[in-house]
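Residues are numbered in the working numbering as their position in the sequence shown, beginning at 1, plus a constant of 4.
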Amino acid sequence: MSTHKELINEFIASTDTSAQERSVDEIVKLLQDNSLTLLAFIQALQLYITSTNDDIRVSTFKLLSQILCKISSSKLYPKDIDVLMAFLYSKLLDRPVVKFVLSSIFSLVSMKFFNNENVNCVLEKLIENYNPKEHPQSIREMALKIVSHLNSSFPQSSYSNNKMIECFLHVSENEKDPSNLLLIFQILQSISKCLDITNFTQPLFDTMFRYYPISFKSSTEAQETMIYSLKNSLNTSLASNDLYAEELFPNLIEKYNTATLTQVKLDILTTISTVSQYYSESTIREHILQLWNTLKYTIMNQELAQLVSIPSILSYYEKSSNDTDQIFHSNLIAVKHLANKLDHDSKLLIYDDLSSSLLITERNRRFLQSYLTLAIISLPTENSLNEGNDDILDKTLSNLFSEEQPTDQIRSKRLVLVALSYYTSNIKFVKHLLPWRDQILALLQASLSSSGLETTLRALAIQLTVILILSPRLQDSTSGLEIGLFDEEAAILITKLGELLIENGAKDAIDSNKVIESELLLAIAKLAKCNRLEDIVNHQVLDRLLNIIGKTDYTLTQKLTLVSYLIKLSQTPSLAESVIIKLSEFLSVDNLDTATYGVPENVILQSITSLTNALSMDHDTVNLTMRLLPVLFRFALNRGAELSVYQVDYLASVSRRLIAGMKHDEAEKLVLESMTFFSGLFPRVIADFSDIQNAENFYRRFSLDEGNIKITHIPILLSMIQGLDVSIELKSRVDMVLLGKHLSMYIVNNEVLPLTRLEILVGVSVIFNKYLSLGDFDSIFGVVDGDIEELQLWALYGLIMKCDEHATEKFVRMLTTLNFRKATKAVSIIFNPIPEMQDALREKKDVDEVSFNNGLDIGPQLLLAFKKEKPSLMMVRSKNKLAVSNLTIRAIWKQKILEFILSKKDELSSTQMDYIVPLILTFVPEEMYASHLESLLPKLIQIVQTCDDNRVILSVLKIVCNVIAEENGRVFMKGYVDTVMEICLTYALQNKDFTLKKQALKTLLGMCLFKTSLVVSFKKRVTKLCEVNLDDHHRDIRMLSVSVRQAWEDLGLDSM
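Right, dumping it as structure tokens:
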């Protein structure tokens, strides 16, 4: 092992950093193990320390500093530290080595046994022997760290107050580096809070304010973060002692008044806000007059947006990108923070200054600004939250509701309402508004009853009405009475809002005010969500809407509008249930008169479906089921042949949702009873139902006749099964295989409409998904004659959904046996079943079906949050469109199917499978087949050249488009550029298939991503093709052609 002298020599002689580190570590180990004494080590350094060669001295002190940094903090004792410190002080004037001298001093003052009595000595030596002007940033930083450590780690009694401040002022002189400034501001905060700065206020303030405002330029996010930190740290430093206020506020005011840059003004206002939170109340009160006189000019001259409530105003101006708005917002925040430290007399100064602007006159342009300011300074603080009296607030409100206030004019009403809104944003204000209850109610009712053309006034009145109704009720400490609007007063206002909504809905579309309609819907919806107001909204608004819908003197369009209001306002489960039941009364259950109430039954069913599906999934639907389901079944059974399959679809959707919301045992019982009710269509499915056919049976209780059950009703039963949770096991009571056989027979042997057929197919999928296995597959389909491929595919779909690998293999094997047309349909069913539902809907020929876009426009933003469906639920209705929930195959199984096909490519090899693979790939994320691109691409390119089926060609072009969008994909495609270009040019010119033409153009656009040298030869042909397509009768083709031509023109080189 090397001796310490050898290690020292190796360190000084070496320029390799890692070698030097090894030498340091070995010397530290010797010292830690007491194999080497500190005295011996210093003596070994003596020759190098006194060298006249700067490089040798630098290396020597570097070694010393690194050893002191790594050695244990408890290794050196006070005497050792004193000796070393004395030695290091003498080297502070040796400029080449001062960096490592300071680093060594920092390590020593951080040692456990550093003598507290030596702190003053360190401070003195830094003042005498260290000159920050002579050194770079890293050295200046080390000096600051020493002072910071001495200030924060040693008791104040161990050093001189004045000496610490003097030393800090010395080492921080003329500092400009951002990272060092952060350290300076941190030290300043500590000194200002902990030491007596009375005799140093001016120099300390100058040290901070010389950098104000921080205006470094930033070009990166890191620099932006640094500037933000500097500004915050500087503001906190300025706020760290009240003594700075005497210098700070006059300087800030002067800078604010002379500043021309927006950012400078914003920084000053932020500083005022910050220091006002830290300075004492007496300090703020001493300077409030000069601060207010500076701030008020901006506030009073701002054109105010007529927004309701202080939070709305602050939020609006905070988000604005306009410089003036930003400054205005910062002024308001500054006033708010200053007001928290003001006493009554100080606030009275502001009130007196603004009192002349509290009445509306032609010349008064400061009305709203004055009330806004007075509202902000009246906001309660933590200390004043429970204070009852506020005569300034009372004086302000007395002016607002003064008899001299000209509230007979529309403009005046609008201004008073806006000003009043400022005093509704806090609980404290409610009590002070009590004496003006009658005036407020009269003003609101007058404004609500104003001309329908006064949109702004009405909208303000509506917003303010809601705020006042929802204001919390307080209890008066003296009388014990509740303070706030009484229920009777709230009911009057809610009734008025309902009347206005009905009035608006009864107008023709051209006369209807959409702004007021939106405000009213939002207002009543908010009120409906309040527990204490729910009944009032139900009786005063919803019941009135329902009564009007039942009248004959309203047009169908008007009724559709009112029905849409009903749906939007049913904001709670209880309101939704109430409206659902009342709407169901409009259904004709005893006769075939479809226009008894003048509203198409499909509209009623649409509404019931929407409201039912809007109920949260954890809502218990038992009571609703017992009241609604009998009505729906009676309607379905009595309608006979007049019942459309689309009405059945609505009934099925509602039934599914009702079952999904019931407790498991109750849901299971009702489904079993339903299956016995349908036993005429499904004989022997339930072997023993003696315990179900009793007086408590749902269908017997409501005297429903099972003799009227038809095949068209089957989707209702299947939807109820869909609604059951997966944990409910029906197989013990129900022969699911036999049920599957019955369903298959109805599909094969009966002519049913497309939608009914599809819903039965989905029912088969659900039964396999929940209750059956692949082993039941042959049991069911082996006895069914006819065209059963589609049935089998939907059954396989249900199995694939629950991760059955054998079902996946069976599906792939089926693809090889079907003809190409059926195989493509099979791929569509398994990978993308939603279009199957859409195709069925396109067959709709029901003339009574009313489009939601024709008056019944459900606003989802007002509906209850729709929770995710349970995994067992496969179909839901969204508005008027049939959507499929959880009917998209899990991504992992898309990959499993693809992997199986590719792993068996030799066994499955055929022209048909070659054509099917690209169809499948279009449904699979590109990353799933990226690893197979090298083997797939040659086959895909070959397919396009030999296949004449546009669907396959379209699929290949989609795949190519996805591949070339990624850089890695373009590597694989590089060898096929010419072939792909020829294909795209061919199909981008043809006019027989719009979709294929569009995809060819998209692919041409993507080909620009290749290196110019690879594609430039096609430039002239592409641009000419695009010019031809500019005459295409499809707008999409014309627009895409323009984009393609521009992209290829931007390549910048002519073709060769």
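We put the beta carbon where it would ideally sit given N, CA and C, even for glycine.
The residue among V101, P136 and M89 with its C-alpha nearest the C-alpha of V123 is M89.
Under the three-state reduction of DSSP output, V756 falls in the coil class, being neither helix nor strand. One alpha carbon belongs to S107, the other to E970, and they sit about 52 Å apart. If you draw a 10 Å sphere on the C-beta of K1028, you find fewer than 16 other C-beta atoms in it, and that means exposed. DSSP places A645 in no alpha helix (DSSP H); its state is neither H nor E. Shown here, V738 sits in a strand according to DSSP, grouped into three states. For C125, the uninterrupted alpha helix (DSSP H) segment begins and ends at V123 to N133. L609 is not a Cβ neighbour of V649, given a cutoff of 9 Å. The Cβ atoms of L765 and M740 do not sit closer than 9 Å to each other. If you draw a straight line from the Cα of S359 to the Cα of T377, it comes to about 11 Å. In the structure shown, I905 adopts helical secondary structure according to DSSP, grouped into three states. Taken in chain order, the complete alpha helix (DSSP H) segments of 4 or more residues contained in the region 111 to 197 are 123 to 133, 141 to 157 and 165 to 175. Of the candidates V756, L1000, N508 and N1033, L1000 places its Cα closest to the Cα of D953.
The three-state secondary structure of I713, taken from DSSP, is coil. In the same chain as A495, and ignoring 5 residues on each side of it, the C-beta atoms closer than 7 Å to its own belong to I540 and Q544, in chain order. I444 is a Cβ neighbour of L437, given a cutoff of 9 Å. With fewer than 16 other beta carbons inside 10 angstroms of its own, L265 counts as exposed. Excluding sequence positions up to five before and after Y52, its CB lies within less than 8 Å of the CB of I12, I16, I60, R61, S63 and T64, all in the same chain and listed in chain order. Three or more Cβ pairs closer than 8 Å define a contact, and the region 255 to 274 falls short of that threshold against the region 221 to 232. In the three-state reduction of the DSSP assignment, I414 falls in the helix class, which pools H, G and I. According to the DSSP secondary-structure assignment, I690 is paired through a beta bridge with V738.
Contact check for F117 and L80: beta-carbon distance about 7 Å, within the 8 Å limit, so the pair qualifies.
Look at S455 here: in three-state DSSP terms it is coil, with no helix or strand label. L655 is not a Cβ neighbour of F681, given a cutoff of 9 Å.
In the DSSP annotation of this structure, the continuous segment of the alpha helix (DSSP H) that includes N617 starts and ends at E605 to A618. The Cβ atoms of F976 and V967 sit closer than 9 Å to each other.
Just so you know, the alpha carbons of D29 and L154 end up roughly 28 Å apart. With respect to the C-alpha of P254, the residue from E170, V268 and L295 having the closest C-alpha is L295. When the five nearest sequence neighbours on each side are left out, the beta carbons in the same chain lying within less than 8 Å of the beta carbon of M932 are those of A895, K898, Q899 and L902, in order along the chain. Looking at the backbone, the Cα of T205 and that of Y248 are separated by about 7 Å.
Taking a cut-off of 8 Å for Cβ pairs, the region 668 to 685 and the region 776 to 786 do not touch, as fewer than three such pairs fall below it. When only Cα atoms are considered, V652 and E581 end up about 21 Å apart. Taking C-beta atoms as the reference points, S769 and A811 fail to come closer than 9 Å. Only residues of its own chain outside the window of five on either side were considered, and among them P217, I218, D271 and T274 have a CB closer than 8 Å to the CB of K235, listed in chain order. Measuring C-alpha to C-alpha distances from G684 to each of H668, A664, L662 and H717 identifies H717 as the nearest. Annotated three-state conformation of R214 is coil, per DSSP.
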